[in-house]
Structure formats: C-alpha cells, structure tokens
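Worksheet for the structure shown next.
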Amino acid sequence: MEDSLGQKWKQREFTLASVSDLSVAPPSALPGTARFDSDGLQIHQQSHQIPLSIDPRTVQLFRLSPVHSVCMVEGSEAGKKASYSRGVNIQFRNEEESAAFHCVVQQWKKEINAQGGNGRNESNTTSKSKFDEKIESSSAKMYFHYYGQLLHQQNMLQDYVRTGTYHAAVIENRSDFTGRVVVDVGAGSGILSLFAAQAGAKHVYAVEASEMAEYARKLIAGNPMLAQRITVIKGKVEDVELPEKADILISEPMGTLLVNERMLESYVIARDRFLVPTGKMFPALGRIHMAPFTDEYLFIEIANKALFWQQQNYYGVDLTPLHGTAFQGYFSQPVVDAFDPRLLIAPSIFHVIDFTKIKEEELYEIDIPLKFIASVGTRVHGLACWFDVLFNGSTVQRWLTTAPGSPTTHWYQLRCVLSQPIYVMAGQEITGRLHLIAHNAQSYTIYLTLSAKMWGPGAEQGGILQTSSCKLDLKEPYYRMSQPQAYALAQDQQPQPLIPTQDLDEPEFVQQPSPNSCVQIDPLMQNI
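Heads up: the sequence shown begins at 26 in this note's numbering, then just goes up one per residue.
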C-alpha cells in the first residue's frame with residue numbers, strides 16, 4: 026500500500042466515479058476527472074469542465090466517507106471584488122484513490138505555500154484568524170479542553186430544561202427545518218444536529234472546534250438513519266469553509282449572564298458567513314434581566330471569608346495588611362446560584378440582544394442604564410441577573426428561561442454583590458449602570474454602580490443620596506449552587522407569586538421595531 030501511494034504522489038490526474046456541483050439545483054452526478062497542473066486543480070465532468078477557480082491556499086476538503094469527499098473552494102467573478110464559495114461532491118472509485126487524492130492536495134498546498142506564491146488570499150494564510158486575534162491562546166486551550174470532555178457534555182445534556190426546550194423548539198417547528206440546510210455552531214456532542222435531522226433537515230453541518238468533534242462523529246454514526254444527513258466539521262466557525270449556505274443556524278452559545286465565554290460573537294460571525302439573508306436563527310434573541318436584591322445572609326457569608334486575614338499572630342505573622350485586599354477580592358466575584366425570587370426588591374428590567382441584527386463589535390462593550398422603584402424599605406446588597414432566549418419558530422415561539430423561581434438550569438442565576446450596601450425606602454428610586462467590557466480571556470469585566478436618590482417631599486430638588494460601586498470579573502465567579510432557601514419576609518414585604526416558568530407568550534415583543542439592543546421594564550415582574 027505504501028509503495029502504491031508513493032506512485033500516486035506522481036499521478037496528477039484522478040479518474041472520478043462521479044462529480045456534482047452543489048451550486049446547481051438539482052446537482053447531477055456524472056463521471057469525471059481531477060487534474061493537477063501548474064495552473065491549479067481542474068475538475069471535469071465528462072466533457073464539461075466545471076467552471077471553478079481554485080486557489081491552493083483556500084481549498085478545503087471534507088471527507089464524508091472513505092470514498093466520498095466535498096471540495097470547497099473560494100472564487101470571484103472577473104473584475105469584481107465580491108467573493109463566493111462553491112462546493113463539489115467527489116466520489117472516488119476506491120478508498121486507495123481517495124487517500125492518494127487527499128495526500129496530493131496537502132502536498133500541493135505545502136509546495137505552493139513554501140514557494141511563497143502570490144495569490145489573492147495570501148494574507149489569509151499568514152494572519153491569525155479573527156478568533157485568535159481577540160482571544161489569548163491559554164484561555165482558548167482551556168476552553169476547548171473543557172468542552173472536549175464527555176463529562177461536561179453530559180452535564181449540559183442532563184440539564185433537561187435546556188435540552189428539552191431545544192428539542193421542543195426544533196420539533197414543534199418542523200416546517201422551518203424540513204428540506205433545509207442547517208449549520209450547528211459549536212455542535213459539541215452533536216445533539217442539536219441530531220434534533221435538526223429528526224425535524225427533516227436536508228443536511229446539517231455540525232461545526233465543532235474541540236476534540237468533542239470526534240465523539241460527535243461517533244454518536245452520529247451510531248444513529249444511521251440520521252447520520253447520512255449530518256457532516257461533522259472540526260474547526261472554528263471563524264475559519265472553516267462550508268460547501269453551501271445555511272437556511273438555519275442552530276446553536277447553544279449562551280454562557281453565564283448570557284454573554285460569558287463570548288460565544289455569541291462566534292454565533293454572529295457564523296450568521297454573517299453562512300446564513301442566507303432570509304434564514305432563521307435558533308435562538309433568535311436573548312434578554313438579560315436585572316433587579317436589585319437584598320440578602321443579608323449572602324453578604325455576611327462573603328464578608329466573613331476575609332476574616333482569616335484579620336489574624337495578627339498567624340504562626341507569628343500579622344496577616345492584617347492583606348485584609349482589605351482580600352475583602353475586596355471576595356466581593357469581585359459574581360455569585361452563581363439559585364436564589365429565592367422574594368429577595369428581589371423591585372420589578373426587573375431587561376436588556377435585549379437581537380442575534381439576527383447585532384454586529385459582532387457591539388458585543389465587545391455592553392452598557393446598560395439601570396432604573397428601579399423599590400417595593401420595600403431595606404438594604405440593597407446588589408444586582409441580580411438572569412437571562413432568557415427566544416426560539417422564534419414559524420409555528421411555535423418558545424422561550425428558554427433561567428429566571429429565579431423557574432426550574433433550575435445549569436446556568437443558575439448571577440448576583441453582583443456590593444461591598445457597601447445602600448439603604449432604600451419603599452417607593453424610592455434606584456438608579457445606576459451595568460457596564461460590561463469584554464476581555465481576551467473569553468469573558469467580561471463587570472462595572473456596577475447603584476445609587477439611591479432622595480425620597481419624599483422636596484426630592485425633586487435633591488440629588489443622589491448614596492452610591493455604591495463594584496468591579497467584578499465574570500470569568501471568576503463564586504459558584505454557590507445551593508437550592509433557594511426560605512427567607513423570612515420583612516414586616517413591610519408581602520409574599521409575591523413566583524415568575525411564570527414556561528411558554529412565555531410575547532409576540533408583540535418580537536414585532537416591536539426597537540434597536541438591536543434596548544432596556545425595558547420586564548412585564549413579568551411588575552407586581553413584585
């Protein structure tokens with residue numbers, strides 16, 4: 026076999042069992058040839074040459090089976106700057122010729138790059154990908170290692186609120202998927218790709234950058250009735266090429282506070298690269314919900330962590346010089362847990378991120394003005410946050426929510442705790458700002474400010490009464506995943522019903538001609 030392959034290196038022409046151009050509808054599969062020469066790769070279908078301009082630096086080969094491959098190329102029309110992507114289905118006569126062809130393509134690309142040949146895409150081969158430019162390599166390595174492990178995929182699959190909502194959103198909207206091309210962005214185990222195939226997708230391209238891609242191939246192959254319509258592609262959506270455009274993007278890009286891990290940016294990039302103008306995104310938009318909260322137990326728990334550093338004789342060492350730094354350090358960690366919604370002391374507001382319209386760069390910095398009216402008199406210990414996303418199907422609109430009081434998900438909720446609480450009276454206005462700035466460790470720095478304005482007669486002439494601020498790193502949360510505890514109500518606080526859990530019906534919100542992102546009062550929390 027080795028000697029045979031050695032001879033094939035010198036063979037620059039291959040006889041193909043069939044060739045079909047994916048850009049032609051319907052594609053016709055006819056015998057053909059593939060010829061390598063000094064001008065590039067020429068693919069012929071019988072006596073008709075498929076008009077493709079193939080650059081060795083941009084050609085992508087995807088092996089679908091031992092004898093079946095897809096050749097993806099980029100090209101441009103003469104005199105025009107606009108580029109396009111086209112794909113060709115290639116069926117080889119046997120596995121040996123398929124292996125030889127792939128070897129020749131790789132050698133051919135190496136030779137061209139070694140020569141430093143001039144080509145229109147030369148800059149693309151020497152520059153970093155967009156993902157690598159904005160994310161530090163150590164963070165990316167840890168990120169892909171984490172998601173490349175089955176135990177972490179199992180944790181997400183066993184979140185039945187998450188997985189069940191995705192399944193329902195896809196199956197209940199079969200009309201959106203039947204006969205359509207789907208791209209699964211960050212496919213992980215491939216479960217969403219399998220759901221799309223169950224709903225009748227024509228073909229699903231499952232793009233996964235971590236080693237989980239190999240597990241996804243194995244899982245999909247174990248479901249042969251669906252596997253023939255799913256192709257797993259290992260790589261980042263910023264880098265890979267696909268043989269055709271997508272009618273639907275499906276993904277689970279949400280992190281803590283919706284935006285952690287910065288995968289929403291990859292989701293938006295995939296939209297711009299692969300989705301047809303009339304295509305759908307599952308999910309289509311997300312909302313970050315926010316409300317001030319009071320939780321004396323949590324505040325004391327965090328503050329007490331720093332008591333260790335108040336020791337003046339720790340093996341003869343005075344630790345107190347570091348107490349202040351340690352105290353602030355503990356309060357710089359967002360708290361991730363499930364809390365009792367009765368801890369909220371004002372109706373929540375929400376900030377909208379429309380995945381179908383927002384630009385990638387708009388996710389680098391998110392600035393949210395805050396304004397609440399306190400329902401009770403109490404100490405405000407910080408800002409509670411959660412999110413939901415909308416699957417805007419043609420048949421059924423379905424929400425996936427992580428709200429307090431709803432069935433708990435693996436995202437839980439998030440709270441930003443102030444090291445200096447502020448005091449409010451019932452009816453008093455609370456203002457502030459939640460400012461998120463992305464950093465290269467695939468997360469955000471959070472800047473929170475809350476202020477209580479003067480309340481009562483003459484308040485319109487008064488200014489800010491008290492203000493408290495904090496800086497937190499979303500990358501380094503304090504995981505406090507205890508179930509919600511029953512807290513005693515304040516004397517002037519009345520019990521309130523929990524937030525509705527599923528099937529939030531808000532069609533008027535979907536139709537509103539608002540900007541890509543905005544802040545609104547949350548109708549679900551008006552009665553808190």
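Each residue gets a CB set at the ideal place from its N, CA and C atoms; glycine is no exception.
Check	Outcome
Buried or exposed for Gln467, please, with buried defined as at least 16 other CB atoms from any protein chain shown within 10 angstroms of its CB.	buried
What would DSSP say about Ser373, mapped onto helix, strand or coil?	coil
Answer yes or no: do Val262 and Gly215 have a C-beta to C-beta separation smaller than 8 Å?	no
Under 8 Å, do Ala409 and Arg440 count as touching if we go by C-beta distance?	yes
Along the chain, where does the alpha helix (DSSP H) containing Pro249 start, and where does it finish?	249–252
Closer than 8 Å by C-beta to Glu385: which residues in its own chain qualify, once you throw out the five before and the five after it? Chain order, please.	Glu290, Val293, Ile294, Asp297
Apart from the five residues just before and just after Gln337, which ones in its own chain have a Cβ nearer than 7 Å to its Cβ?	Asp343, Thr345
Give me the Cβ distance between Leu86 and Thr58, rounded to the nearest whole Å; I'm assuming they're in contact under 8 Å.	Contact flag wrong, Cβ pair sits at about 17 Å.
Please report the residue range of the alpha helix (DSSP H) in which Glu233 lies.	Here Glu233 belongs to no alpha helix (DSSP H); instead the beta strand (DSSP E) covers 228–233.
What's the gap between the Cα of Arg404 and the Cα of Ser494?	15 Å
Out of Phe220, Val210, Lys259, which has the shortest C-alpha to C-alpha gap to Ala238?	Lys259
Could you tell me whether the stretch 321–328 touches the stretch 238–253, where touching means 3 or more Cβ pairs closer than 8 Å?	no
Alpha carbon to alpha carbon, what distance is there between Val210 and Leu459?	29 Å
Drop a sphere of 10 angstroms on the beta-carbon of Asn180, count the other beta-carbons inside from all chains shown, and report buried for 16 or more, exposed for fewer.	exposed
Closer than 7 Å by C-beta to Glu501: which residues in its own chain qualify, once you throw out the five before and the five after it? Chain order, please.	Gln358
Looking at the secondary structure, which residues open and close the alpha helix (DSSP H) in which Gln438 lies?	Careful: Gln438 lies outside any alpha helix (DSSP H), inside the beta strand (DSSP E) at 438–449.
Let's see if you can read the secondary structure: which residues bound the alpha helix (DSSP H) around Phe352?	348–356
Nearest CA to the CA of Val84: which residue from Gln132, Met279, Lys166, Gly311?	Gln132
Would you check if the distance between the CB atom of Ala165 and the CB atom of Arg287 is smaller than 8 Å?	no
Secondary structure at Glu237, three-state DSSP: helix, strand or coil?	Reading the sequence as shown, one finds Met at residue 237 and not Glu. Helix.
Between Ala224 and Arg199, which are expected to be in contact by the criterion C-beta below 8 Å, what is the C-beta distance as a whole number of angstroms?	5 Å
Rounded to a whole number of angstroms, what is the C-alpha to C-alpha distance between Pro302 and Val206?	13 Å
Excluding five sequence neighbours on each side, which residues of the same chain lie with their C-beta closer than 6 Å to the C-beta of Ile391?	Leu461
Could you check the C-alpha separation between Glu161 and Asn285 for me, to the nearest Å?	15 Å
My output table needs one value for Phe202: the three-state DSSP class, helix, strand or coil.	helix
Would you say the stretch 299–315 touches the stretch 412–421, given that touching needs at least three Cβ pairs under 8 Å?	yes
For Arg203, is the classification buried or exposed, using 16 other Cβ atoms within 10 angstroms of its Cβ as the cut-off for buried?	Residue identity differs from the one stated: residue 203 is Thr in this sequence, not Arg. Thr203 comes out exposed.
So Glu158 and Leu217 are supposed to be a Cβ contact under 8 Å. How far apart are they, rounded?	Wrong, their Cβ atoms sit about 28 Å apart, outside the cutoff.
In the DSSP assignment, what residue or residues form a beta bridge with Pro317?	Leu408
To the nearest angstrom, how far is it from the Cα of Val232 to the Cα of Leu267?	10 Å
Use the C-beta contact count for Trp34: other C-beta atoms within 10 angstroms, 16 or more gives buried, fewer gives exposed.	Unreliable positioning characterises Trp34 in this predicted model, as indicated by a pLDDT of 40, which lies under 50. The coordinate reading is nonetheless provided below. Burial call: exposed.
Where do the ends of the beta strand (DSSP E) carrying Glu390 lie?	390–398
By Cβ distance, which residues of its chain are closer than 7 Å to Glu120, with the 5 residues on each side in sequence left out?	Pro91, Val92
Near Glu38, what residues of its chain come up, given a Cβ to Cβ distance below 8 Å and the 5 sequence neighbours on each side ignored?	Thr58, Ala59, Arg60, Phe61
Quick one: grab the DSSP three-state call for Ala59.	strand
Under 6 Å Cβ to Cβ from Thr492, same chain only, skipping five residues before and after it: list those, please.	Ser476
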